[in-house]
Each structure stands twice: as structure tokens, then as C-alpha cells.
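Student: Have a look at the structure that comes next, please.
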Ligand code: DGJ
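In the numbering used here, the protein residues as written are 40 to 775.
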């Protein structure tokens with residue numbers, strides 16, 4: 040891995056064994072994007088950039104060289120108003136009311152390692168040798184705005200990170216109207232675009248479409264990364280599939296409103312930009328002040344979408360997630376939400392815990408409703424003191440009793456929220472996000488605490504710390520159940536009101552940093568009505584996320600398949616729930632519910648006290664099986680085999696790093712009359728190894744031996760089933 044600067048050709052070459060990323064300083068001024076893709080040796084880097092004179096509608100900045108036009112030059116961080124008419128990466132508003140600016144190269148610095156971003160989540164290194172970083176310093180001479188483009192290339196991952204820092208070195212203040220984290224100009228537009236979209240209980244469905252002249256936008260204006268769109272987009276070669284073709288993934292390490300845009304220009308080039316959504320954003324930079332953008336993570340794969348996903352999985356699991364649980368087995372848990380909703384008391388929780396202990400679970404999670412007077416969702420958020428009506432002997436006593444059953448104890452919070460019906464709101468009515476003289480719009484009967492205010496953040500850290508220190512709490516579910524409206528802060532002057540949403544995210548990140556550092560033994564799981572904030576920003580603080588409030592096994596196939604495009608399996612919470620399912624009222628088999636949930640961080644979300652003896656035995660067996668398979672599921676390489684978006688069958692598999700073990704999960708949603716004799720071609724196996732294949736679908740003694748080459752080239756024979764909602768698993772163990 041290295042970053043080279045060639046002074047003769049004025050080119051930068053960022054590379055590792057798999058990828059190259061090349062830039063060139065043109066005319067001693069502009070930083071052009073030359074190439075991003077599979078590694079090249081770099082024989083004639085100076086000769087790669089194509090330039091041609093276009094018409095007068097693409098003006099030149101140099102009268103003596105009409106081939107130099109910012110409108111046609113592929114650029115690294117394009118400006119607005121000085122002859123590039125495409126979508127800009129940033130925009131400023133100067134005191135004189137104008138917005139035109141132009142960044143030119145000033146200097147650069149190449150060094151080992153990767154710096155942490157100030158108060159923002161990011162990927163990291165543990166040893167300096169793991170990465171190299173380039174700071175490219177650009178300036179807008181007229182305003183004396185300095186812009187530092189930071190690029191890091193990792194040794195072990197086909198990934199490059201980018202972020203940007205703005206420093207106002209002028210005497211006058213200026214405003215950032217737009218401050219995106221990256222921009223890349225691809226030399227052609229022959230791509231499909233892939234992104235993850237959906238809604239509450241239908242998160243991260245895969246959407247793929249060709250790009251065409253004009254703009255394509257995926258964004259959130261909700262003050263959260265959101266259920267609707269994920270802060271990720273990929274450009275794919277037309278032939279790109281799961282295991283072949285080129286994929287360029289761009290993922291934003293941020294949990295607030297974002298934009299991801301692709302613009303195809305008249306010359307058929309494609310500009311991609313991503314970052315904080317400029318909509319309702321602006322940031323005042325007084326003289327000497329600076330602004331840091333979030334980080335983007337750029338992954339290139341020429342092994343299709345599967346290759347791209349595995350790079351994200353490895354990088355995010357090992358160098359984005361942090362803390363003790365990063366590398367530890369995740370507990371099998373039972374959560375009481377769908378079992379009781381708000382209607383529980385200590386004895387009910389203990390009864391659930393007793394069965395959880397009997398069947399071999401590790402952790403009991405007490406969800407919403409244990410505090411204030413929270414008998415429904417219309418009150419008490421903010422009143423983080425125990426409801427003694429439900430838990431008469433207090434939290435400590437409940438935790439002690441649960442621990443006596445050899446179960447760890449976990450607790451639900453929704454720390455960013457405040458109910459108007461709460462003691463906290465009566466005491467601090469100005470502590471919520473609001474705009475003077477306007478309605479404070481409620482959603483789920485709640486308002487949002489103003490985390491842009493330091494004293495609000497400090498209060499939450501203090502109150503949560505007190506509870507978390509009061510008893511041995513081993514797990515926290517951090518929920519967030521509405522999006523932002525009337526985004527304003529009572530603590531900010533009018534000139535800074537449009538900073539509120541981003542300042543909120545900075546406050547949230549500070550609170551999470553403080554709490555996760557103060558309680559390093561606690562496993563934190565983030566949640567936002569399920570997967571409304573399933574993003575890399577949250578994963579930096581909390582290594583797992585509740586994937587969706589939809590616990591139906593069939594719906595989960597699409598949700599988990601889509602989520603796996605970017606996010607590691609160890610990040611996905613997945614639980615078996617009761618039937619008829621509470622979200623879609625579907626009745627599915629215990630097998631398919633078990634297999635779908637086992638495909639992530641396994642747990643249960645039903646009233647265990649209502650299980651029959653036979654069901655209890657099934658649960659016990661599922662847990663025992665999961666615990667055996669857990670290392671493979673958590674740390675194995677993940678391969679998607681059959682897409683639930685394309686047909687009635689879904690399959691995926693996990694392969695150990697030495698390829699000596701693998702697990703295949705296969706699902707069929709609806710029964711098929713007189714179906715074909717299907718085979719499932721596997722991936723990731725060693726063609727020279729033989730594997731013994733066993734599984735729940737194969738009859739006793741049927742465990743048979745296949746060559747890795749046979750399983751990859753020809754495939755496993757699949758079962759023919761009667762009945763809907765069927766599933767099975769296959770375990771593969773190398774025998775030589
Ligand atoms: C939304 C979460 O996604 C659910 O799992 C549950 O915790 C409820 N909130 C509780 O209000």
C-alpha cells in the first residue's frame with residue numbers, strides 16, 4: 040500500500056494490492072480525477088487524462104488553452120459559479136452576498152496512519168502501518184477559504200475514505216451553504232445505480248436502475264439517515280452481478296439528513312456526490328473557524344456486488360465498530376416488547392426469564408415501559424426513573440433475580456426524546472427542538488430533545504450513567520422513534536439556526552461516545568423504530584442495530600438481504616416472534632422463523648411462557664444450533680446466492696476464513712406445484728477441498744461428500760417441498 044506523488048507528471052497514485060485511485064494537478068491549479076478502479080501499475084499516469092476543446096458553453100479558465108474547462112474537467116472537489124455548471128461539492132455565501140468560488144491546489148502532505156475525525160464517527164486503524172493518508176490543501180484565493188481534502192488508503196481493504204475540512208483563513212465571516220464529503224467524476228455514464236430504499240417495517244430494499252442524462256437523487260430530509268433511504272449508493276457496470284462485474288460503492292458515515300446524487304452531463308460523464316444534505320443547512324464560519332464533514336467510504340470491487348459487500352463487511356466489522364463486543368460472541372436474547380408491550384410487571388418478566396434460562400438464552404432485555412408512568416406511548420419519555428407500580432422492588436432487585444437465573448440483563452432507553460406529558464417537559468419546556476410561534480408537531484406523542492445544546496446532552500449522560508451504574512446492566516437498546524420537524528434551537532442565534540440539525544448529530548455522537556466509553560462492558564444496540572438509523576455512524580458507537588420492527592420471516596428475507604449489501608451480519612439484530620406475526624399477520628413455520636433470525640444476531644421476541652413443551656424443545660434446539668454456528672455467522676465471509684427480490688427462493692451462505700467450514704441457509708416462500716429439480720451453486724469454497732455436507736433437511740446418514748469444485752460448479756441438490764414458508768440449512772466441513 041502506498042500513496043505516491045510524481046512531481047514531474049503532477050500525479051497522485053493511491054493504491055493497495057487491489058485498487059488504484061489517481062488524481063492529477065492540471066495547469067498547476069486544478070485537481071482532476073483521473074481514475075478509480077482495479078489496481079494498475081502506473082506506467083504513464085501523466086498521459087491518462089483526456090482533454091478536448093468543447094463549445095463556448097463550456098468556458099475555459101485559461102484564454103491560451105481552450106481545452107481547459109472546469110465544465111469538462113473531471114474534478115475531485117468542484118466549486119460553484121466559476122464555470123463548472125455541474126452539481127458542486129460545496130458552496131459558500133460571502134459577506135458581499137455572492138457565492139462564486141474556485142479551489143486551486145496549494146500543497147499536500149502524505150503520512151502513515153489515519154487521523155480520527157473530531158467528534159465524528161469514522162473508520163480507524165489500530166497500527167499506523169494499516170493505512171496511509173493524503174491531505175490535499177486547496178484554497179479559494181479571493182475569500183481565503185482553505186479546503187483540506189483527506190484521503191486514506193487501507194493496506195488490507197479495497198477501500199478509500201474521504202472527508203473534507205474547511206478553514207476560514209480570511210478576516211470576514213462566510214457561510215457554508217453546502218459542504219459535501221466527496222465528489223467523483225466518472226469518465227462515462229454506462230452504469231446502473233443501486234441503492235437501498237424502503238419505509239418503516241420495509242427497510243433497505245434493493246433498487247437498481249440505469250442512469251441517464253440528468254440528475255438522480257437519494258436523500259433524507261428527516262434529521263436521521265432514515266427508513267426511506269440509506270446513506271449508500273453504488274454505480275455498477277451493466278454486467279455486474281453477485282460474483283462478477285464492477286461495483287463502485289459509496290457509503291456515508293453519518294446518521295443525519297444526507298444527499299447522494301448522480302448527475303450525467305451532456306458529455307456523458309457521471310458525477311457522484313455525497314454528504315450532509317444541503318437542504319435547510321448552512322454553517323457560519325467566522326474568521327479562524329473550521330468545519331469538518333463526515334467521512335465517506337469508497338469501495339471498489341471487480342468481483343461483483345458480493346466482493347463489494349465483503350469489503351464493507353470486513354472493514355466495518357473490524358475498523359468501524361469498536362468496543363469489547365466487536366470481537367465477541369453476541370448473546371442470544373429474549374426481548375419482552377412483542378410479548379407484553381407496555382403491560383408487564385416484575386413477576387411477568389421473571390416468568391419469561393425462567394423459560395429463557397431453561398432453553399439456554401444468554402440475556403433478557405426489558406423494553407419500553409419500565410420508567411415514569413409509561414403505560415402507553417403518550418407519556419414519560421425523559422422521566423428516566425423506575426416505575427415502582429410495575430417493578431415494586433426496583434430495578435436492582437429485578438436485575439438481581441434475572442442474574443440469579445444465569446441471564447444477563449438489558450434495558451431499553453429512548454434518550455433523545457421527551458414526552459410533553461412528562462416531568463422533564465414541565466421543568467424544561469424549551470429543551471426540545473422547536474421554532475418560536477409555531478406548533479411543536481408531535482409524532483408518537485413525543486418531541487425531540489435539543490441535543491445541539493450542551494446542557495441537554497450533559498443531563499442525559501448524567502441520568503443514564505446513574506441508571507447504568509445502579510445495577511449490573513449488560514446491554515442497552517438505544518431507540519429513536521420519530522423524525523425532526525420545526526428544526527430550531529432556543530440556544531442558537533438566528534444566524535446559526537440552520538446549523539441545528541448537524542449540531543444535534545454532533546451532540547448525539549458526543550453523548551454516545553461518553554456513555555460507551557464510561558460503560559465499556561455494555562453491549563449497545565441502536566434502534567430507530569427498527570432500522571430507521573441503520574447507518575455506519577451509529578455502528579461506530581454501537582456494534583449492532585435492530586434491523587427492522589418487522590419480525591415476519593418472509594419480510595425479513597428481503598430486509599436482511601438488502602441490509603447485507605453494506606452492513607456486516609454481526610450488525611443485524613434478528614428475532615423469532617410469535618404467529619400470526621404482529622406486523623403482517625402471516626403464519627409461518629418455526630423453522631423459517633428460526634433460520635431467518637439465526638442469519639443475524641439471534642434472539643426471541645415473544646412470550647416464552649406461552650410456549651408448549653414441544654415448542655420449548657424446538658427453541659432449545661434452535662439456540663443450541665445457533666451457538667454452534669455463531670462464529671461462522673458472525674465472522675464468516677458472506678455470499679448472497681439467491682435473491683428474494685428476484686424469485687420465490689432465497690439463499691445465502693457463510694464461509695470461514697480458511698474455507699474449511701461453511702453454512703448455507705435456503706428458504707422457499709410459497710409451495711410450487713410440480714417444480715423443477717433445482718440445484719444451488721455455492722460460492723467461496725476451496726475447489727480443491729472435499730466437504731462433508733449435513734443439515735436438517737438431509738435424512739439420517741445422508742451426510743455426503745462433495746468436492747468444493749462440484750458444489751461451486753454444479754451445486755447442491757435442493758429439496759422439493761410441499762407447503763409454504765419452508766427453509767433448511769446445510770453445514771459443510773472440509774475433510775481435506
Ligand atoms: C420501536 C422499536 O423498534 C421496538 O423494538 C420497541 O422497542 C418499541 N420502539 C418500543 O417503544
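Beta carbons are placed, not taken as given, at the ideal position from N, Cα and C, and that holds for glycine. None of the values given here were measured: they were computed from a predicted structure.
What's the call for residue 774, buried or exposed, on a 16-neighbour Cβ count within 10 Å?
Tutor: Exposed.
Student: Tell me whether the beta-carbon of residue 769 lies closer than 8 Å to the beta-carbon of residue 703.
Tutor: Result yes, Cβ atoms of residue 769 and residue 703 sit closer than 8 Å.
Student: Checking 8 Å against the spacing of the C-beta atoms, do residue 330 and residue 211 come in under that value?
Tutor: No, these two residues do not count as a Cβ contact at 8 Å.
Student: May I ask you to report which of helix, strand or coil DSSP gives residue 749?
Tutor: Residue 749: helix per DSSP, three-state reduction.
Student: What residues match up with residue 189 in a beta bridge as DSSP calls it?
Tutor: DSSP output for residue 189 lists 174, 202 as bridge partner(s).
Student: Give the C-beta separation of residue 399 and residue 662 to the nearest angstrom, bearing in mind that I take them to be a contact with Cβ-Cβ under 8 Å.
Tutor: About 5 Å separates the two Cβ atoms, so the contact holds.
Student: How far does the beta strand (DSSP E) with residue 692 in it reach, from first residue to last?
Tutor: 688-694 is the extent of the beta strand (DSSP E) around residue 692.
Student: Residues near the ligand DGJ, CB to any non-hydrogen atom under 6 Å, in chain order?
Tutor: This criterion selects 376, 406, 407, 451, 518, 520, 566, 568, 569, 585, 588.
Student: From the DSSP output, in three-state form, read off residue 777 for me.
Tutor: Examination of residue 777 is not possible in this model, given that the chain is present from 40 through 775 alone.
Student: Let me check one thing: in DSSP terms, what residues is residue 76 bridge-paired to?
Tutor: Per DSSP, 59.
Student: Return the chain-ordered list of same chain residues with a C-beta closer than 6 Å to the C-beta of residue 731, the five sequence neighbours on each side being excluded.
Tutor: The answer, listed in chain order, is 742, 744, 772, 774.
Student: Give me the Cα-Cα distance between residue 497 and residue 638, rounded to the nearest whole angstrom.
Tutor: Taking the straight line from one Cα to the other gives about 38 Å.
Student: Compute the distance between the beta-carbons of residue 799 and residue 507, then report whether it is under 8 Å.
Tutor: Outside the displayed span of the chain (40 to 775) sits residue 799, for which this structure offers no information.
Student: Please return the same chain residues whose Cβ sits closer than 6 Å to the Cβ of residue 676, not counting the five positions on each side in sequence.
Tutor: Same-chain partners within the cutoff: 349, 694, 723.
Student: Relative to the alpha-carbon of residue 281, which residue among 254, 712, 342, 294 has its alpha-carbon at the smallest distance?
Tutor: The candidate whose alpha carbon is nearest that of residue 281 is 342.
Student: In three-state DSSP terms, what is residue 743?
Tutor: Strand.
Student: Suppose the cutoff is 6 Å on Cβ atoms and the five residues either side in sequence are ignored; what does the same chain contact list for residue 474 look like?
Tutor: Answer for residue 474: 525, 527, listed in chain order.
Student: For the beta strand (DSSP E) that contains residue 382, what are its first and last residues?
Tutor: Run containing residue 382: none; DSSP gives neither H nor E here.
Student: Only counting the same chain, and skipping five residues up and downstream in sequence, which positions put a Cβ closer than 6 Å to that of residue 298?
Tutor: Counting only Cβ-Cβ distances below 6 Å, and skipping sequence neighbours, we find 258, 316.
Student: Provide the residue span of the beta strand (DSSP E) that contains residue 541, from first to last.
Tutor: That residue, residue 541, is in no beta strand (DSSP E); its alpha helix (DSSP H) goes 539-557.
Student: Please classify residue 415 as buried or exposed, where buried requires at least 16 neighbouring CB atoms within 10 angstroms.
Tutor: It counts as exposed.
Student: Counting pairs of Cβ atoms below 8 Å between the region 761-768 and the region 706-720, do you hit three or more?
Tutor: Touching, per the Cβ criterion.
Student: Could you pull out every residue in the same chain whose Cβ sits closer than 7 Å to the Cβ of residue 442, ignoring the five residues on either side in sequence?
Tutor: Excluding sequence neighbours, residue 442 sits near 448, 511.
Student: Using only CA atoms, which one of 275, 671, 188 lies nearest to residue 231?
Tutor: Checking every option, the nearest Cα to that of residue 231 belongs to 275.
Student: Considering only C-alpha positions, which residue in the set 570, 614, 592 is nearest to residue 606?
Tutor: The residue with the shortest Cα to Cα distance from residue 606 is 570.
Student: Taking its Cβ as the centre, do 16 or more other Cβ atoms sit within 10 Å of residue 626, making it buried, or is it exposed?
Tutor: The residue is exposed, with fewer than 16 neighbouring Cβ atoms inside 10 Å.
Student: Residue 346 to residue 340, Cα distance in whole Å?
Tutor: If I take the Cα positions, the gap works out to 6 Å.
Student: Residue 652 lies in the alpha helix (DSSP H); which residues open and close that run?
Tutor: Unbroken alpha helix (DSSP H) run through residue 652: 652-674.
Student: Where does residue 716 sit, in a helix, a strand or coil, going by DSSP?
Tutor: Three-state DSSP puts residue 716 in coil, outside helix and strand.
Student: Under a Cβ-count criterion, where at least 16 other Cβ atoms within 10 Å of its own Cβ denotes burial, should residue 251 be classed as buried or exposed?
Tutor: Exposed, because fewer than 16 other Cβ atoms sit within 10 Å of the Cβ of residue 251.
Student: Residue 618 lies in the alpha helix (DSSP H); which residues open and close that run?
Tutor: From DSSP, residue 618 is part of no alpha helix (DSSP H); its letter is neither H nor E.
Student: Is residue 214 helix, strand or coil when you go by DSSP?
Tutor: If DSSP states are grouped into helix, strand and coil, residue 214 belongs with the strands.
Student: Could you check what DSSP says for residue 69 in three-state terms: helix, strand or coil?
Tutor: Residue 69: strand per DSSP, three-state reduction.
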